Structure formats: C-alpha cells, structure tokens
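A.B. asks: Just so we're aligned, residue 416 is where the sequence shown starts under the numbering used here, counting upward by one.
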Amino acid sequence: NDATINSPSVTVTGTAIDPGVGASGVSSVQVNNVAATYNSSTNTWTANVALNFGPNTITVRATDGAGNTSPNHEIVVVRPQDTTPPTVAITNPANSSTTESSSITVSGTVSDTGAPATGVAQVTVNGSPATLNLQDGTWTIANVSLPTIGSNDVTAVATDNAGNASQPTTITVNRQNPQD
C-alpha cells in the first residue's frame with residue numbers, strides 16, 4: 416500500500432481461497448472490476464492494471480462458486496507526475512554557420528532524465544518533426560528551409576511523454592548567394 420510506481424501499468428498478484436465447511440471454491444477474482452487470471456491449483460491470481468498519474472486505488476474481490484463475494488480489498492499506489500521538461504541541443508550545423516543552400520540537415524541531442532522521467536516523445540525543428548534515435552539520444556531532420564538570404568533562425572524543441580516541452584534552442588544559419 417502507498418507504493419510509488421513510475422510506470423504506466425503494474426502487475427498485481429495475490430491469493431484467494433474459500434475456506435470453511437462446504438466451501439465451493441473460488442470461481443473468479445476481479446481487480447478494478449476486470450477479471451484477473453486465477454489459478455485454482457495454487458489459489459493465486461494476477462492482473463495488469465493501468466495507472467494514471469497520481470494516486471490509484473486498486474480494488475480486489477473474489478467470488479466463490481455459490482456466488483458469495485468477498486469484501487473489497489483496496490490498496491493505493493502512486494504514479495508520480497513527470498513535471499521536468501527534456502533538454503535539447505543542436506549540434507550540427509554550428510551557430511552562425513554559413514551556407515549557399517536553401518535547405519539544410521539539422522541534428523542534435525535530446526534527453527529526459529531524472530525521476531520520474533517519461534522519455535522523449537518528439538523533437539521539432541521550426542515546427543516540423545525530426546527523426547529520433549532514442550537509444551543514442553540523438554535526432555536529425557533533413558530539408559530544413561532557409562528561406563531568406565541572410566540570417567535564418569533554426570529552433571529545436573523537445574517534448575516528453577508527459578507533455579512537458581523544453582526551452583527552445585535556437586541557432587542562426589546565414590544563407591548567402593551562390594558564388595559565380
């Protein structure tokens with residue numbers, strides 16, 4: 416009871432028996448009104464329960480073959496809310512770099528650390544989604560437009576699975592006319 420679980424679901428297990436003279440045996444176990452898997456030879460049950468952020472009440476009850484239902488057994492587990500945004504950096508091209516191209520490839524790093532981090536969901540560059548490599552903590556996007564001759568801002572923003580957005584990271588890329 417009152418366990419902290421940093422996961423979108425938890426597997427709960429327990430035992431259910433129907434003691435006494437003339438007992439008909441446990442016929443089913445329900446966890447949050449959903450049938451659990453019950454093994455009558457070991458008297459054990461198991462169920463996977465989805466968790467919302469914050470406190471979650473898990474209610475278990477058993478029913479025997481005669482239709483008698485046990486009192487509810489409740490526990491509360493807490494899934495902490497991720498309130499920390501991820502961090503994002505642009506590693507290529509360098510700030511204040513110069514190109515003659517009207518579009519560039521941009522890449523960088525991203526991370527979502529600390530408890531209870533939910534992981535990076537997306538990186539956008541100038542509003543377009545980048546391709547993530549979560550295992551390496553990197554991202555890349557091709558064909559980022561540099562519409563103006565002169566200074567062009569390139570801005571990356573990361574969002575985690577809890578919806579927290581990073582502070583924007585901006586570099587300037589200078590587009591110049593092609594030389595003859």
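All C-beta atoms, glycine included, are put in the ideal place defined by N, C-alpha and C. Bear in mind the structure is a predicted one, so any value in this text is a computation, not a measurement.
State yes or no: is the C-beta of Val491 within less than 8 Å of the C-beta of Val446?
C.D. replies: no
A.B. asks: Please report the straight-line C-alpha distance between Ala577 and Pro531, rounded to a whole angstrom.
C.D. replies: 10 Å
A.B. asks: Among Pro501, Gln582 and Val493, which one has its Cα closest to the Cα of Thr570?
C.D. replies: Gln582
A.B. asks: May I ask you to report which of helix, strand or coil DSSP gives Ala545?
C.D. replies: coil
A.B. asks: Quickly, what does DSSP pair Glu489 with across the bridge? List them, please.
C.D. replies: Per DSSP, Thr474.
A.B. asks: Pop quiz: Ser442 and Thr478 are said to be a contact at Cβ under 8 Å. What is the actual Cβ separation, rounded to whole angstroms?
C.D. replies: The pair is a contact, with the Cβ atoms about 6 Å apart (cut-off 8 Å).
A.B. asks: In chain order, what residues of the same chain have a beta carbon less than 8 Å from the beta carbon of Leu466, not counting five sequence neighbours either side?
C.D. replies: Ile420, Ser422, Pro423, Ser424, Val425, Val492 and Arg494
A.B. asks: What is the C-beta distance between Asn507 and Ser522, in whole angstroms, given that I count them as a contact (C-beta under 8 Å)?
C.D. replies: The Cβ separation is near 5 Å, so the contact holds.
A.B. asks: For Ile556, does the three-state DSSP call read helix, strand or coil?
C.D. replies: strand
A.B. asks: Can you tell me which residues form a DSSP beta bridge with Ala509?
C.D. replies: Answer is none; Ala509 lacks a bridge partner.
A.B. asks: When you compare only the Cα positions, how much space is there between Thr585 and Ser511?
C.D. replies: 11 Å
A.B. asks: Can you tell me whether Asp527 is helix, strand or coil according to DSSP?
C.D. replies: Coil, per DSSP.
A.B. asks: Specify the secondary structure class of Val449 as computed by DSSP and reduced to three states.
C.D. replies: strand
A.B. asks: Closest to Asn601 by C-alpha separation, out of Val535, Thr533, Thr513 and Thr430, would be which residue?
C.D. replies: In the structure as shown, the chain begins at 416 and stops at 595. Residue 601 is therefore absent and cannot be evaluated.
A.B. asks: My output table needs one value for Val436: the three-state DSSP class, helix, strand or coil.
C.D. replies: coil
A.B. asks: Give the straight-line distance between the Cα atoms of Ser440 and Gln496, rounded to the nearest whole angstrom.
C.D. replies: According to the sequence as given, residue 440 is Gly; it is not Ser. Computed Cα separation, rounded: 41 Å.
A.B. asks: Determine the contact status of Thr546 and Thr520, defining contact as a CB-CB distance below 8 Å.
C.D. replies: no
A.B. asks: Whole angstroms are fine: how far does the CA of Ile432 sit from the CA of Thr461?
C.D. replies: 14 Å
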